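Since the structure comes first, as structure tokens, the remarks are kept for the end.
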Amino acid sequence: MSYPSERLAHWLTLDSVTGIGPVTAARLLEQVEGDIQALFDRDDGQLRLMGLSPEQIRQLRWPTPAVANGVEWANQQGNYLLPLDHPAYPPLLAAIPAAPLLLYCRGDLSALGLPQLAMVGTRHPTYAGKDNAARLSAELVAGGLAITSGLALGIDGVCHQQALVAGGITLAVLGSGLDCIYPKRHQGLAATMLEQGGLLISELVPDKGPLAEHFPRRNRIISGLSLGTLVVEATEQSGSLITARYALEQGREVFAVPGAPQNEQAIGCNRLIQQGAKLVLNAADIMEELPMLTGWKCQTHPELKQQHNRELPYAALLDNVGYETTSVDTVAERAQLPVDVVLGRLVELELAGAVIAVAGGYVRTRGVNHV
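Take the sequence shown: its position 214, counted from the start at 1, is 214 in the UniProt record's numbering, and no numbers get skipped.
What follows is the structure, given as structure tokens:
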């Protein structure tokens, strides 16, 4: 999709002016009815009346080399640079307050046009959190949604990975430039996303490294691209709650997966539900809130057949293992058995697929239920 290089240079120039961010830029563009060319056609006196300082006017008139670099980057295969008035700029994102002036994109641009759901959560998930993220991501992909997240460690990464495993499309919004993938551990994941038709997105110049202040700004883009935001697991101070707040401010749906009160990683989700977020147990809970997808029927992804406890060895002991990490000492105390006896029986339960050993103890697998 072609876009005039001269017009793109205007957007790059405006974006590079000191003291002009998305909010100030929106105010300036409102005065010229969104026409970037009209802004640059104003004389210096008119620009001063619009609130620009002499230094800002000078920067508008004399672009830095970064502007030419941006145009050159956009002309490279697989790269796309979308200013706010580009035909491919997502309408949902354009509608939010302080929409990014420019979106740097790499991958399959058609992914931007797919209905998207944001999935976010803690960087330190429990087994249950990772399990819920993987299950819901696969179900939502089966319902025709693309999964949008932030490529972070933890829940974000699980959601991206499971969307790919399920044969779906996933988009990542970075808190760094596209040439500085962060975290480095997810460079391979990012490459796989591109191979399978996904898209990497940033409002930062490609060589910009990750900084703490970039990530809250990045979160408004994640929610802004999406029909709704699902928080899978989050502490009370989690950055994921910033994404949920942005979604509310943008008039989008907010969903949350509940967790046990004892699970610190789920307190943020439980608070969101108290405040009105929709409680989510499966993808159907989300899909029924999205009118454009009402024809979707819940599809369960392949699971091991559920086993009742009576079919397993040491069923009574299993009842003392939770879906969050349960220490061996806790299991022994609940079961009133010696620790060495409990350890042996937990090993047998693990071999039967009823529990999984994790750091700090064991968790019950989802495929096992009570009698």
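Beta carbons are placed, not taken as given, at the ideal position from N, Cα and C, and that holds for glycine.
Just so it is clear, the structure is predicted and the values come from calculations on it, not from any experiment.
Annotation for A142: the continuous alpha helix (DSSP H) segment containing it runs 127–142.
Inter-residue distance for L227 and V173 is about 15 Å (C-alpha atoms, whole angstroms).
Secondary structure in the stretch 188–269: the beta strand (DSSP E) runs of 3 residues or longer, each lying completely within the stretch, are 199–202, 228–231, 253–256 in chain order. Here D207 really is in contact with G177; their C-beta atoms are around 5 Å apart, less than 8 Å. In the displayed model, I169 falls within coil according to three-state DSSP, outside both helix and strand. Comparing alpha carbon positions, the residue from G157, E348, A138, P83 closest to S2 is P83. Every alpha helix (DSSP H) of 4 residues or more that sits fully in the stretch 1–67 is shown, in chain order, as 5–16, 22–30, 36–41, 44–49, 54–61. It is roughly 6 Å from the alpha-carbon of S137 to the alpha-carbon of Q162.
Three or more Cβ pairs closer than 8 Å define a contact, and the stretch 214–221 falls short of that threshold against the stretch 124–138. If you look at R123, you'll find it isn't in any alpha helix (DSSP H); DSSP assigns it neither H nor E. A Cβ-Cβ contact shorter than 8 Å links E236 with G268. Q116 is bridged by DSSP to A146. Here L114 has A146, I169 as same chain residues with Cβ atoms under 7 Å from its own Cβ, once five neighbours each way along the sequence are excluded. One alpha carbon belongs to E33, the other to C180, and they sit about 35 Å apart. Taking 8 Å as the cut-off, the beta carbon of A166 is found no closer than this to the beta carbon of A190. In chain order, G224, Q250 place their CB closer than 6 Å to the CB of I96, counting only its own chain and leaving out the 5 sequence neighbours on each side. In the structure shown, V158 falls within a helical segment according to DSSP collapsed to helix, strand and coil. Rounded to the nearest angstrom, the Cβ distance from A283 to E139 is 3 Å, consistent with a contact under 8 Å. If you look at P83, you'll find it in the beta strand (DSSP E) that goes 79–83. Nearest to L164 by alpha-carbon distance, out of A134, A152, K184, is A134.
Note that the C-beta distance between D41 and I57 is not below 8 Å.
In the structure shown, the three-state DSSP call for A357 is strand.
Contact annotation: the stretch 349–366 does not touch the stretch 144–159, with fewer than three C-beta pairs closer than 8 Å. If you ignore the 5 residues before and after T13, its C-beta comes within less than 7 Å of the C-beta of L60, P63, V67, all in its own chain and listed in chain order. In the DSSP annotation of this structure, the continuous segment of the alpha helix (DSSP H) that includes R345 starts and ends at 339–351. In the DSSP assignment, R334 falls within the unbroken alpha helix (DSSP H) covering 328–335. Residues of the same chain with a CB within less than 6 Å of the CB of G197, apart from the 5 flanking positions on each side, are D108, I169 in chain order. When DSSP states are grouped into helix, strand and coil, L103 belongs to the strand group. Per DSSP, P91 is one residue of the alpha helix (DSSP H) stretching across 91–94. Shown here, L109 sits in a helix according to DSSP, grouped into three states. Boundaries of the alpha helix (DSSP H) harbouring D285: 283–287, taken from the DSSP string. The closest CA to that of A99, considering only A111, L8, S202, G188, is found on S202.
By the Cβ-count criterion, V347 is exposed, with fewer than 16 other Cβ atoms from all chains shown falling within 10 Å of its own Cβ. The three-state reading of DSSP puts V321 in coil, since its state is none of H, G, I, E or B. In this structure, the alpha-carbon of E55 lies about 16 Å from that of L39. Bridge pairing for V363: I356 [DSSP].
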